[in-house]
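**Student:** Here you go, one structure.
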Amino acid sequence: MPELPEVETIRRTLRPKLAGLKFTGVRIYLPKVIAAPAPEHFTAIITGKKIIDLQRRGKYLLFGLTGGYTLIVHLRMTGSMVYREKTGPSSKYTHVVFYLDNGSRLFFADLRQFGRLWLLPVGSPDGPPGLKNLGPEPLDKSFTREIFEKKLHCRRTRIKPLLLDQSFIAGLGNIYADEALHRAGISPEHPANTLTHRETTRLYRAIRDVLQEGIKNRGTSVRDYIDGEGRAGRYQEMLRVYNREGQSCLKCGNQIARRKIGNRSSYYCPACQK
DNA sequence: ATGACGTCCTGCCTGC
DNA sequence: TGCAGGCAGGACGTCA
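Have a look at this one:
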């Protein structure tokens, strides 16, 4: 599942390859993945546009194009964006192929077909609602411990579902939320507004640490995730709770548990997460 | 504000 | 061995 570290890794692998290239065309095999505009307009608009830069916001990839347009991509769970110079093996999960003016191609593939693309003028109201309502970037300098604490204190909900709420904080998904809570020693069911000053500090650091470690290790490839060059990440080898139900906690030795919290499965250590 | 639930979709796992 | 059914999951809309 591409979360912040995976999307950031894709951005870093794609940006040097794509910057300055021009789209010469696009082939859409599964029209429904184009959220906006209508596929025929999408094709017409993107052809001839040059890629100026590639940014990330939360789990969104933002391709800055000439003419004031942005190509917005959300990979959801199994989406990928891979750059290839030569024609590679294209799978049945490839839904969009972008042709570039150096002869290379950019492939959007997605097994579960949940990922979506938008091609819109900057500031258009037709973008994904989630992007407009996105919370702060956890790795940004402006996201301070004080701001985090303030935001936590006015929410009574359990901490795990809150960390997954993209309008509260951007970029965390199930894997990194569980890892951060374990690292901070906080139960996923702990109410947000009753976290102590020390717990808040630990959680703030844990969130930033796990995200940075994820990026350093080029992302987590539990199943499908690959970067912009088609390569898997390494962080799955370093996970301490996610996907480790029944195995022993690397901190205290007790068994890692798994249960549904807010309709999402959570992995945690009942002994050392309070 | 909060939570529950359905929707999208396919591969994989379990149970018979 | 084969098949049916359930499960997982990110965002988002709807409803209570």
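Under this note's numbering, the first residue of the first sequence is numbered -14, with each subsequent residue one higher.
Glycine is no exception: its CB is placed at the ideal position from the N, C-alpha and C atoms.
Give the range of the alpha helix (DSSP H) segment to which HIS310 is assigned.
**Tutor:** Coverage of the chain is limited to positions -14 through 259, which leaves residue 310 absent and any answer about it impossible.
**Student:** Who are the Cβ neighbours of ASN239 in its own chain at under 8 Å, not counting the five residues just before and after it?
**Tutor:** Contacts found: SER233, CYS254, PRO255, ALA256 and CYS257.
**Student:** Using 8 Å for Cβ pairs, my map puts ALA177 next to ARG140. What's the rounded Cβ distance?
**Tutor:** With a Cβ gap of about 4 Å, ALA177 and ARG140 count as contacting.
**Student:** Please work out which residues of its chain come closer than 8 Å, Cβ to Cβ, to ILE13, disregarding the five sequence neighbours upstream and downstream, and give them in chain order.
**Tutor:** Only ILE19, PRO24, PHE27, THR28, HIS80 and VAL81 meet the Cβ criterion.
**Student:** Secondary structure at LYS80, three-state DSSP: helix, strand or coil?
**Tutor:** Inspection of the sequence shows that residue 80 is occupied by His rather than by Lys. Three-state DSSP puts HIS80 in a strand.
**Student:** Closer than 7 Å by C-beta to PHE128: which residues in its own chain qualify, once you throw out the five before and the five after it? Chain order, please.
**Tutor:** Only PRO121 and GLU122 meet the Cβ criterion.
**Student:** Classify GLN287 as helix, strand or coil using the three-state DSSP reduction.
**Tutor:** One cannot answer for residue 287 here, as it falls past the ends of the chain, which runs -14 to 259.
**Student:** Once DSSP output is grouped into helix, strand and coil, what is the label at GLN40?
**Tutor:** In this structure, GLN40 counts as strand in the three-state DSSP scheme.
**Student:** Between which two residues does the beta strand (DSSP E) holding GLY64 run?
**Tutor:** Where GLY64 is concerned, the enclosing beta strand (DSSP E) stretches over 64 to 69.
**Student:** Considering just the uninterrupted stretch of the alpha helix (DSSP H) at ASP163, what are its terminal residues?
**Tutor:** Note, ASP163: alpha helix (DSSP H), 159 to 169.
**Student:** Can you tell me which residues form a DSSP beta bridge with ARG101?
**Tutor:** BP columns for ARG101 point to HIS59.
**Student:** Figure out for me which residue from THR205, ILE132 and PHE93 has the closest Cα to the Cα of GLU(-12).
**Tutor:** Here the closest residue by C-alpha is THR205.
**Student:** Could you check whether the stretch -8 to 1 touches the stretch 209 to 222, counting it as contact only if at least three pairs of C-beta atoms, one from each stretch, sit closer than 8 Å?
**Tutor:** Yes, they touch.
**Student:** Just checking, does the stretch 85 to 97 make contact with the stretch 58 to 74 on the three C-beta pairs under 8 Å criterion?
**Tutor:** Enough Cβ pairs lie closer than 8 Å, so yes.
**Student:** Just to confirm the assignment, what range does the beta strand (DSSP E) spanning ARG244 have?
**Tutor:** Taken as a continuous stretch (DSSP letters only), the beta strand (DSSP E) holding ARG244 covers 242 to 246.
**Student:** Just to confirm before moving on: does the CB-CB distance between THR185 and GLU134 stay below 9 Å?
**Tutor:** For THR185 and GLU134, yes; Cβs fall inside 9 Å.
**Student:** Where do the N-terminal and C-terminal ends of the beta strand (DSSP E) with LEU266 fall, by residue?
**Tutor:** Not covered by the structure: residue 266. The range shown for the chain is -14 to 259.
**Student:** Output yes or no for whether 9 Å exceeds the beta carbon distance between ILE160 and LEU224.
**Tutor:** Closer than 9 Å, so yes.
**Student:** Is HIS167 buried or exposed, if buried means 16 or more other CB atoms sit within 10 Å of its CB?
**Tutor:** Buried, because 16 or more other Cβ atoms sit within 10 Å of the Cβ of HIS167.
**Student:** Assuming contact is defined by CB atoms lying nearer than 9 Å, are GLY156 and GLY231 in contact in what I supplied?
**Tutor:** No, they are not a contact pair.
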